[in-house]
C-alpha cells in the first residue's frame, strides 16, 4: 500500500473529571483551543478542512441525535466538513484512524480529530452504560461492562494462576502515574490493600479494579507530512493502524484468555508500521478494568500469554520498567470519557515521543508509541494506532 | 490533490417499507447479500477488508449503543475493520465518502459501505425524530423536522412567488417515479389535488409534502479502481465529494431561501470532480419535504435561484426532463430510513450510469450522476457525492 504520510502537529486534552459546569460544546471547544495552543509554530483555526468527532452519545445523553455536525459551529469553524465517528470505547482511536486516512488519501491536508463525552449528567440508570448493551432483551440482560469483563479475569486466574494482587497492581501503578498527570480525573496514589478491600462489583473485580465515569474532551491536529514543517520542527507521524471486530456476545467468544479483536488489530497495525512489539517504547492501552490491561499487554505482544499479571506485579510496565504502560494514568486513573479516551491516549503518546511528558517521561529508544482501545459489548472491536518520531 | 481512483462495483437496497418482521441485523444482511449478487463477475465476501456502517440510531432505537461493530458478525464477516458513521440525514452519503477515502488512501482495497435504519419499531413519541432535535430544552422545544423546514417554504413563497401547487408537483413527480421503483416504500401515483387536500402538518407543508417513516437498508462495494476489472467490465467511479456544515439553529441561519451547507458542499464536490451542474445527467437529492427538493435543485445549480418551484411544475425535473431528479421516487415515495437513504441514492445513481434503471432510465449523455443529502437540525450539514461512468 502507498499512502501519503500523516503528521500529528498538535494534541491536547482538557482536565478530565466530573464537569457538570461545562456543556458538551464547551468541553469540545476547550480541547480544540488547547490543541491549537500546542502547535509549536502557531495554527490558524481556519486551516481546518475537515473534522472527525468521536462520541458515543453526542450532546443529548440518552436522547442522542446529532453529536458531530453541531460541533464546528461551537468551535467557531462552521462550514468545514464534519463527521461523527462512533465505535463504542474505541470511538476516539477510530476517529484518529479515519482522520489519518482522510489525510493519507490526499483529499484533505489539515484535519481535526476531536473526542468528547458527557458521562456524568445523567444517573447511572439513565446513563450510557445501562443503555449501551446491545442484544437480546432477556438473554443479555444485566450484561453491564463489569459483567462482560469479569469472566476473562476468572478464566485468566484459573488458567495462569493470576491473583487479585496482580490485578490490583495494575490499578496501583496507573494511579501512581495518574498522580503525576495534571489532566487525570484521579490524582491520588492507592495501595494494593486498598484495591483488595474496595467494594466488590463483579467477582473478581472490585471498585478500584474499575475505571470511573468521567467527562472529558481531547483533540489532535493531523496534517499532510509534506506540510508538517509549517507547523512544527518536532512532528510525530502516523506509522500504522489496525481495526478488528469479533463476535459481540460472550457465548460466541472463542477464548476467555485473550481478546481476539486486540490480537488481530495489533497484527494489522504492526504490519502497516513495519515494527513489532519489541520496538514500542511506551503504550497507552485499554484498562477499563485491571484484567483488561493484563490481557492487552499479552495480546499486544509485550509479555508472554499468561504472564501479564506477574509482569504487572513485578513492575515491568511501570514508567521506568521494560515496557511502560499507561503512563497517563490510563482509564483507571485518568478516566474514560468514551469518545475522548482514544484521542487523549494519542495525546500522551505524542507527548512521550516529543519528550514532553514531564514526570511521566519514558526513555524513547526506538521512537515508537502504541495506543489501543477495545470495546463494543466488551471485546467486540479493537483499534490500535502506532505513532513514531522517526522521519 | 492526488488520490487513488475508487470504483463502485456493487450496489443494492432491500425493499423499503414498514419492516417489523426484520431485525436491524437482518435488514443489513439482506442489503449485503443483494450487493454481492449485483457484482457482475461475482464477489467473495471474505474480500471485504473494512466496513463503514451508516446509522442514526443503531440497533436499539432510543437506547442506542453500538450500531456499527456488531454488524460484521451478522453479515458472516466478523473480524474485519468496522466503523459507524453518523451524520444525521446524510449519514449514508458521508459513509460513502469516508469509505471512498479509505480506498483512495491506499490503506484498503475493498470496502463495504452499508446503511441501515429501524424507524418504525417505536412510537413517534419514543422514536428518533422526537429525540434527534439537539438544542436548548425550552427555546428549541417543538422543533421537529417539519418545523425546521417550513420557514424555508414560506420565505421561498414570499420571495419568489412559489405556490403550494409547485411544492405539490414535487411530490406528484416523485410518487410517479416511485411507482416505477420496485424498492420504493410507496408505489402509488398521486395528484396535485391529493397533496393540497392532505392533512396540514406545519404550514405550508401538508402530509403528502412530507416523507414517510420507513425501515430499510442499502449497501455498496468500493474497490481500488486498479482492481475494478476483477469485479466488472462496467464500473462506476467516484468523481468527487464534498461536505459542509452550517450553524445548526434556525436563528443562526444567514438565509431562508437557500441551504448554505448544500451550496458549499456542492461547490467542493464539483471542484473535486472537475464538472459543473450542466454535466450532471441525473441526481438523487434530499426531498424530505417538497420544499427541500426545490431548494436543492437551486442550491446544486440545476435551476436558477427562485425558479425551482416553476421548474418542478413544468416537468423540468421529470425522468424525461432537462435534469431528472429523484428517479428512484426520492425520500417522498421511496422512503427515508436515515442511515440507508444516502447509500440507496448512490445505488440509484449506479443503476442510472450503468443503464440498469428500467422504466426509470434517464438518457446518460455526459456520464455523471449526483447524490445529495442535507440534515442535522434540518440544514446543519450537507453531503454531495458525484459518480461517473467515464474512465
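Chains as they are written, first to last, in our numbering: chain A, 1 to 391; chain B, 1001 to 1391.
Note that the Cβ used here is the ideal one computed from N, Cα and C, for glycine as well.
Since we're looking at a predicted model, the values are computed, not measured.
Boundaries of the beta strand (DSSP E) in which residue i is found, first to last residue
i                       : result
residue 368 of chain A  : 368 to 375
residue 1115 of chain B : 1110 to 1117
residue 202 of chain A  : 200 to 202
residue 147 of chain A  : No beta strand (DSSP E) contains residue 147 of chain A, which is instead part of the alpha helix (DSSP H) from 145 to 160.
residue 1387 of chain B : 1381 to 1388
residue 1322 of chain B : Premise fails: residue 1322 of chain B is in no beta strand (DSSP E) and is neither H nor E.
residue 282 of chain A  : 282 to 284
Unbroken alpha helix (DSSP H) run spanning residue i, endpoints
i                       : result
residue 1164 of chain B : 1164 to 1178
residue 1294 of chain B : 1290 to 1299
residue 1216 of chain B : Counting along the chain, residue 1216 of chain B falls outside any alpha helix (DSSP H), though it belongs to the beta strand (DSSP E) covering 1216 to 1224.
residue 1331 of chain B : 1330 to 1334
residue 1312 of chain B : 1308 to 1313
residue 196 of chain A  : 192 to 197
residue 35 of chain A   : 24 to 37
residue 338 of chain A  : 338 to 354
residue 268 of chain A  : 260 to 273
residue 1013 of chain B : Looking at the DSSP string, residue 1013 of chain B is not in any alpha helix (DSSP H); the run it does join, the beta strand (DSSP E), is 1006 to 1013.
residue 1074 of chain B : 1071 to 1075
residue 1104 of chain B : 1091 to 1104
Sequence-distant residues of the same chain with beta carbon closer than 7 Å to residue i, five excluded per side
i                       : result
residue 1365 of chain B : 1281
residue 174 of chain A  : 287, 326, 329, 330, 332 and 333
residue 261 of chain A  : 244, 245, 246, 374, 379, 380, 381 and 382
residue 210 of chain A  : 146, 201 and 289
residue 36 of chain A   : 10, 43 and 45
residue 1339 of chain B : 1054, 1055, 1056, 1091, 1092, 1115, 1116 and 1117
residue 254 of chain A  : 260
residue 233 of chain A  : 40
Nearest-angstrom Cβ-Cβ length linking residue i and residue j, presumed shorter than 8 Å
i                       : j                       : result
residue 116 of chain A  : residue 31 of chain A   : 7 Å
residue 186 of chain A  : residue 40 of chain A   : At roughly 31 Å, the Cβ-Cβ gap does not stay under 8 Å, so residue 186 of chain A and residue 40 of chain A are not in contact.
residue 387 of chain A  : residue 236 of chain A  : 5 Å
residue 1102 of chain B : residue 1050 of chain B : 6 Å
residue 1012 of chain B : residue 1219 of chain B : 6 Å
residue 980 of chain B  : residue 1153 of chain B : Given a span of 1001 to 1391 for chain B in the structure shown, any question on residue 980 of chain B remains unanswerable.
residue 1272 of chain B : residue 1309 of chain B : No, residue 1272 of chain B and residue 1309 of chain B are not in contact; Cβ-Cβ is about 30 Å, not under 8 Å.
residue 306 of chain A  : residue 315 of chain A  : With a Cβ gap of about 18 Å, residue 306 of chain A and residue 315 of chain A do not count as contacting.
Rounded separation between residue i and residue j - CA only
i                       : j                       : result
residue 1106 of chain B : residue 1006 of chain B : 10 Å
residue 304 of chain A  : residue 163 of chain A  : 17 Å
residue 113 of chain A  : residue 4 of chain A    : 18 Å
residue 1079 of chain B : residue 1181 of chain B : 35 Å
residue 16 of chain A   : residue 1069 of chain B : 27 Å
residue 61 of chain A   : residue 1067 of chain B : Unreliable positioning characterises residue 61 of chain A in this predicted model, as indicated by a pLDDT of 43, which lies under 50. The coordinate reading is nonetheless provided below. Their backbone Cα atoms lie some 16 Å apart in a straight line.
residue 156 of chain A  : residue 1149 of chain B : 57 Å
residue 347 of chain A  : residue 205 of chain A  : 29 Å
residue 1268 of chain B : residue 1257 of chain B : 20 Å
residue 300 of chain A  : residue 142 of chain A  : 30 Å
residue 1144 of chain B : residue 1250 of chain B : 12 Å
residue 1097 of chain B : residue 1071 of chain B : 19 Å
residue 19 of chain A   : residue 203 of chain A  : 30 Å
residue 177 of chain A  : residue 278 of chain A  : 22 Å
residue 1158 of chain B : residue 1025 of chain B : 46 Å
residue 1275 of chain B : residue 1239 of chain B : 9 Å
residue 368 of chain A  : residue 1353 of chain B : 47 Å
residue 1082 of chain B : residue 1391 of chain B : 29 Å
residue 265 of chain A  : residue 259 of chain A  : 10 Å
residue 1028 of chain B : residue 1335 of chain B : 17 Å
residue 1008 of chain B : residue 1119 of chain B : 27 Å
residue 1228 of chain B : residue 151 of chain A  : 45 Å
Neighbourhood of residue i by C-beta, 6 Å cutoff - its chain only, sequence neighbours within 5 removed
i                       : result
residue 248 of chain A  : 377 and 380
residue 373 of chain A  : 89, 90, 93, 286, 342 and 383
residue 1170 of chain B : 1290, 1293 and 1312
residue 1111 of chain B : 1050, 1099, 1102, 1103 and 1222
residue 84 of chain A   : 53, 67 and 68
residue 1370 of chain B : 1280, 1283 and 1386
residue 345 of chain A  : 284 and 371
8 Å CB neighbourhood of residue i in its chain, flanking five on each side removed
i                      : result
residue 194 of chain A : 208
### Query
Looking at chain A, which residues of the segment 1074 to 1089 of chain B have a Cβ within less than 7 Å of any of its Cβ atoms?
1078, 1079, 1080, 1081, 1082, 1083, 1084, 1085, 1086, 1087 and 1088
### Query
Listed in chain order, which residues of the segment 94 to 123 of chain A have Cβ atoms closer than 7 Å to some Cβ of chain B?
94, 98, 101, 102, 104, 105, 106 and 107
### Query
What residues from the segment 247 to 280 of chain A come within 7 Å of chain B, judged by C-beta to C-beta, listed N to C?
Per Cβ criterion, the list reads 247, 248 and 264.
### Query
At a Cβ cut of 9 Å, what residues of the segment 326 to 360 of chain A count as close to chain B, listed as they run along the chain?
none
### Query
For the segment 1232 to 1245 of chain B, which residues have a beta carbon sitting closer than 7 Å to at least one beta carbon of chain A?
1243, 1244 and 1245
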